[in-house]
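Enquirer: Numbering (the numbering used here), first residue to last: 18 to 160.
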Amino acid sequence: MAKLNPYLNFDGTAEKAFTFYKSVFGGEFVGEIHKMGNAPGTENLSDEEKNRVMHIALPIGGDLLMASDIVPSFGQNLTVGNNNYVSVFPDSREDAERIFKGLSEGGNVEMPLEDQFWGDYFGSFQDQFGVHWMINYNEEYTK
Numbered sequence: 018m019a020k021l022n023p024y025l026n027f028d029g030t031a032e033k034a035f036t037f038y039k040s041v042f043g044g045e046f047v048g049e050i051h052k053m054g055n056a057p058g059t060e061n062l063s064d065e066e067k068n069r070v071m072h073i074a075l076p077i078g079g080d081l082l083m084a085s086d087i088v089p090s091f092g093q094n095l096t097v098g099n100n101n102y103v104s105v106f107p108d109s110r111e112d113a114e115r116i117f118k119g120l121s122e123g124g125n126v127e128m129p130l131e132d133q134f135w136g137d138y139f140g141s142f143q144d145q146f147g148v149h150w151m152i153n154y155n156e157e158y159t160k
């Protein structure tokens, strides 16, 4: 079966965001943090753009959360919107609370983490980096 892993784009804050995510989820980055300045054809980038992240990956459970920064001088633009969410399914109610509290710090809560009418313990928010998250715990999912 194919596996899906979310890939996020940032405008110069990928490393800061992933350092924050690592503080919440734990673990270590997969490989190094690849920078734009190490790629062929980037010699004419500004120092700031050379220091942007070309690729970063953090294992979360059996999945990978991955990201990169855009490069404005390549004509790339980032529009932060609510069309993408990272949906996390923790192993326990306590872990759901820990992750929700950690990731929503400095962000904007859309739905508080509460028992929902459909039977799940669910909440959603936009974090301080503009990424939208859903935390969804249901004991049936962990069996």
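All C-beta atoms in this analysis are idealised placements derived from N, C-alpha and C, irrespective of residue type, glycine included.
Which parts of the stretch 19 to 94 are runs of the alpha helix (DSSP H), unbroken and 4 residues or longer, counting only runs that do not cross its ends?
Expert: Counting only runs of 4 or more, we get 31 to 42 and 64 to 67.
Enquirer: Would you kindly check if the distance between the Cβ of residue 73 and the Cβ of residue 56 is under 8 Å?
Expert: Contact: no.
Enquirer: Kindly indicate which three-state DSSP category residue 142 falls into: helix, strand or coil?
Expert: In the structure shown, residue 142 sits in a strand (DSSP, three-state: E or B).
Enquirer: Using only the alpha-carbon positions, how far apart do residue 122 and residue 37 sit?
Expert: Their backbone Cα atoms lie some 10 Å apart in a straight line.
Enquirer: Spatial neighbours of residue 132 within its chain, please: C-beta separation below 7 Å, excluding the five flanking residues on both sides.
Expert: Counting only Cβ-Cβ distances below 7 Å, and skipping sequence neighbours, we find 138.
Enquirer: Can you tell me which of 41, 22 and 151 puts its alpha carbon nearest to the alpha carbon of residue 105?
Expert: If we check each option's Cα against that of residue 105, 151 comes out closest.
Enquirer: Nearest by alpha-carbon distance to residue 107: which of 154, 125 and 42 is it?
Expert: Checking every option, the nearest Cα to that of residue 107 belongs to 154.
Enquirer: Could you tell me whether the stretch 77 to 93 touches the stretch 24 to 33, where touching means 3 or more Cβ pairs closer than 8 Å?
Expert: The answer is yes - the stretch 24 to 33 touches the stretch 77 to 93, with three or more Cβ pairs under 8 Å.
Enquirer: Only counting the same chain, and skipping five residues up and downstream in sequence, which positions put a Cβ closer than 7 Å to that of residue 67?
Expert: 52, 53, 54 and 59.
Enquirer: Nearest by alpha-carbon distance to residue 20: which of 100, 109 and 80 is it?
Expert: Of the listed residues, the one whose Cα sits closest to residue 20 is 80.
Enquirer: Per DSSP, what are the beta-bridge partners of residue 158 in this structure?
Expert: DSSP output for residue 158 lists no bridge partner at all.
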